[in-house]
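Protein chains in written order, with our numbering: chain A, 7 to 220; chain B, 7 to 220. The beta carbon of each residue, even a glycine, is placed where N, CA and C say it ideally should be. The structure under discussion appears below in the form of structure tokens.
Protein chains: 2
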Amino acid sequence: MDIKDIDKVDNIIKRSRPIQAGEHIYRTGDGFTSIFAVRSGSIKTYLLDDDGVEQMTGFYLPGEILGFDGIGTEKHGCNVMAMETSTVCEIPFERIEELSLQIPVLQRHFFQLMSQQIEADHQMMLTLSKKNAEGRVATLLISLSRRFGRRNLSPNSLRLPMSRMDIGNFLGLTIETVSRTFSRLQKEGLIKVDGREIHINDHEQLRSICHAAK
Amino acid sequence: MDIKDIDKVDNIIKRSRPIQAGEHIYRTGDGFTSIFAVRSGSIKTYLLDDDGVEQMTGFYLPGEILGFDGIGTEKHGCNVMAMETSTVCEIPFERIEELSLQIPVLQRHFFQLMSQQIEADHQMMLTLSKKNAEGRVATLLISLSRRFGRRNLSPNSLRLPMSRMDIGNFLGLTIETVSRTFSRLQKEGLIKVDGREIHINDHEQLRSICHAAK
DNA sequence: TTGGATGCTTGATGTATGTCAAGACAAGCA
DNA sequence: TGCTTGTCTTGACATACATCAAGCATCCAA
Numbered sequence: 007m008d009i010k011d012i013d014k015v016d017n018i019i020k021r022s023r024p025i026q027a028g029e030h031i032y033r034t035g036d037g038f039t040s041i042f043a044v045r046s047g048s049i050k051t052y053l054l055d056d057d058g059v060e061q062m063t064g065f066y067l068p069g070e071i072l073g074f075d076g077i078g079t080e081k082h083g084c085n086v087m088a089m090e091t092s093t094v095c096e097i098p099f100e101r102i103e104e105l106s107l108q109i110p111v112l113q114r115h116f117f118q119l120m121s122q123q124i125e126a127d128h129q130m131m132l133t134l135s136k137k138n139a140e141g142r143v144a145t146l147l148i149s150l151s152r153r154f155g156r157r158n159l160s161p162n163s164l165r166l167p168m169s170r171m172d173i174g175n176f177l178g179l180t181i182e183t184v185s186r187t188f189s190r191l192q193k194e195g196l197i198k199v200d201g202r203e204i205h206i207n208d209h210e211q212l213r214s215i216c217h218a219a220k
Numbered sequence: 007m008d009i010k011d012i013d014k015v016d017n018i019i020k021r022s023r024p025i026q027a028g029e030h031i032y033r034t035g036d037g038f039t040s041i042f043a044v045r046s047g048s049i050k051t052y053l054l055d056d057d058g059v060e061q062m063t064g065f066y067l068p069g070e071i072l073g074f075d076g077i078g079t080e081k082h083g084c085n086v087m088a089m090e091t092s093t094v095c096e097i098p099f100e101r102i103e104e105l106s107l108q109i110p111v112l113q114r115h116f117f118q119l120m121s122q123q124i125e126a127d128h129q130m131m132l133t134l135s136k137k138n139a140e141g142r143v144a145t146l147l148i149s150l151s152r153r154f155g156r157r158n159l160s161p162n163s164l165r166l167p168m169s170r171m172d173i174g175n176f177l178g179l180t181i182e183t184v185s186r187t188f189s190r191l192q193k194e195g196l197i198k199v200d201g202r203e204i205h206i207n208d209h210e211q212l213r214s215i216c217h218a219a220k
């Protein structure tokens, strides 16, 4: 993309809207207009079952993009909430569509982003369907580590962006099982747990228990 | 879309490639070039874990479109196999991208298709993470019924496009549990089971046990 | 006709994780 | 200081589903 094109993209982005922890960016059924880029903090997306049961479907860290649900129906298909104080950029999707017609690499880029989301969701289905509690927690930690590393943060020392309850919800486990699993991994020396602070001692072995086993 | 545009789209579609049951259309790591529309039969997509454990990530019936994985990396991210003798249309993605620049509604349409895939995957995560065996099986049957209905087939009498093993794999259950669950639903009078032939007697009640409960 | 796959069902038993309950710890507040 | 509240941990027990095993039906090849 040349500089003029980057400028064009830059101009349609609405900057830095701050969000308090627990505040929603949008909810299921809201009209779809924009996607969002996380600038700081952490954001979770979740579905509510007919019975009010919550299923977290993903979470997003700085530099990541969310909101690709709801293009099909023009209505958002999930709820999006800040897990801590966060800032996001809003990117009006119609403007993206217009610009994509002028800048082919932009069109390609958004197809790629959505494709990556699909692949990540499929990995998550594998995790939920085939892995035991240890495998699920290990997979989450490795994923966090990788994403922290991408932002040039330490891949070994990380602060969980979410509560035990959110972790359990995301991984399809109860908070008790999550807690017990952290304790077990710590007793085995793979990680060091202090509340939300996690230190990964043995990346290799942690990765090795990510594999499916139920 | 006007007729000339429809013609343009029509011209890039490679017609009716027949696939035998068990044959692959592509595998993980193959170069990404095309997406596929199912014309007849049924197609499954699945991941292989490092240990060779298979996780089915979706299945596609006539009229449905698959292959949106791998746009990001240019390599396919899953395996795609025919579950019975099938035919598919191949649609070269680069041609789609070119045409999308000329026909804005086409661009919008593909964004919509991918968005719908993302929403369906999120629903599946909810199913895998929060529902018990009965809820998972019921959810699958309701989904099949709806998709059969969309093709103007009976929503109450359907032939399962897949084996018990595939069902178990897809739903994160063993074949024994799948079989027992079918038997239980039959004993309760909600469905009639005869091998792969399923008759839905009580749509309402079947739908009511789709809700999360674990 | 037999024998061997293959796919499905059903029963008996084991186990990972859910559920229920209690307590530890920290943060905020009177 | 004590009191409340929320988050997390740990233990005891219950249960849904996995595992192991057997049996049945269908199909196909020898």
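Figure out for me which residue from the options has the closest Cα to the Cα of residue i.
i: A:N138; options: A:S40, A:R157, A:T93, A:V184; result: A:V184
i: A:G141; options: A:S40, A:G178, A:F38; result: A:G178
i: B:D254; options: A:Y52, A:E80, A:M131; result: Any question about residue 254 of chain B goes unanswered here, given that chain B covers just 7 to 220.
i: A:P2; options: A:V15, A:S163, A:D127; result: Since the displayed chain A opens at 7 and closes at 220, residue 2 of chain A lies outside it and no answer follows.
i: B:A126; options: A:L164, A:T180, A:C84; result: A:C84
i: B:S48; options: B:I215, B:I18, B:G64; result: B:G64
i: A:N17; options: A:K50, A:G78, A:T51, A:E104; result: A:E104
i: B:L134; options: B:S214, B:L164, B:L166, B:G174; result: B:G174
i: B:T214; options: A:N158, A:L166, A:T34, A:D57; result: The sequence given here has Ser at residue 214 of chain B, not Thr. For B:S214, the nearest C-alpha among the options comes from A:D57.
i: A:T34; options: B:I181, B:H128, B:T187, B:V59; result: B:H128
i: A:G78; options: B:I124, B:I181, B:G78; result: B:I124
i: A:C216; options: B:I181, B:V59, B:K193, B:E100; result: B:V59
Near residue i, what residues of its chain come up, given a Cβ to Cβ distance below 6 Å and the 5 sequence neighbours on each side ignored?
i: B:A27; result: A88, E90, T91
i: A:P161; result: S151, F154, G155
i: B:D36; result: H82
i: A:F176; result: M62
i: B:D208; result: L196
i: A:Y32; result: H82, V86
i: B:T93; result: S22, P24, R45, S46
i: B:R165; result: R202, E203
i: A:R186; result: none
i: B:K50; result: M62, F65, M87, M89
i: B:L159; result: none
Residues in the same chain with beta-carbon distance under 8 Å from residue i, minus the five sequence neighbours each way, listed in chain order, please.
i: A:L212; result: A144, L147, I148, L191, L196, I197, I206
i: A:E29; result: M87, A88
i: A:F116; result: I102, S106
i: A:R157; result: L67, P68, G69
i: A:S189; result: V199
Cutting at 7 Å between CB atoms, please list the residues of its own chain near residue i, excluding the five before and the five after it.
i: B:Q113; result: S106
i: B:E2; result: The first residue shown for chain B is 7 and the last is 220, placing residue 2 of chain B beyond what the model contains.
i: A:D11; result: I109
i: A:E80; result: G37, F38
i: A:L53; result: Q61, T63, C84
Legend entry - alpha helix (DSSP H) runs contained entirely in the region 102-168 of chain A, provided each spans 4 or more residues: 110-136, 139-156
Legend entry - Under 7 Å (Cβ pairs) to chain B, residues found in the region 102-126 of chain A: E103, S106, L107, P110, Q113, R114, F117, Q118, M120, S121, Q122, Q123, I124, E125
Inset, instruction - Check distances from the C-beta atoms of the region 60-72 of chain A to those of chain B and list, in chain order, the residues that come in under 9 Å. - result: E60, Q61, M62, T63, G64
Inset, instruction - Say whether the region 68-81 of chain B touches the region 101-111 of chain B, bearing in mind that this needs 3 or more beta-carbon pairs closer than 8 Å, one atom from each stretch. - result: no
Legend entry - the region 189-204 of chain A touching the region 163-173 of chain A, judged by at least three CB pairs closer than 8 Å: yes
Legend entry - Meets three-Cβ-pair contact criterion under 8 Å: the region 70-84 of chain A and the region 119-132 of chain B: yes
Inset, instruction - Return the chain-ordered ranges of every beta strand (DSSP E) run that is complete within the region 22-75 of chain A and spans a minimum of 3 residues. - result: 30-32, 40-46, 49-54, 60-66
Inset, instruction - Give, in chain order, every residue of the region 202-214 of chain A whose Cβ lies closer than 7 Å to some Cβ of chain B. - result: none
Inset, instruction - Anything in the region 73-86 of chain A with a Cβ closer than 7 Å to a Cβ of chain B? List those residues in chain order, please. - result: F74, D75, G76, I77, G78, G83, C84
Legend entry - Near-chain B residues of the region 168-185 of chain A - C-beta to any C-beta below 7 Å: G178
Inset, instruction - Counting only runs of 4+ residues fully inside the region 165-204 of chain B, write out the alpha helix (DSSP H) ranges in chain order. - result: 170-177, 181-193
Legend entry - Near-chain A residues of the region 125-149 of chain B (beta-carbon distance less than 8 Å), N- to C-terminal order: E125, D127, H128, Q129, M130, M131, L132, L134, S135, K136
Inset, instruction - Could you please tell me which residues of the region 32-62 of chain A, in chain order, have their CB closer than 7 Å to any CB of chain B? - result: L53, D55, D56, D57, V59, Q61
Legend entry - Members of the region 15-32 of chain A near chain B, C-beta cut-off 8 Å: none
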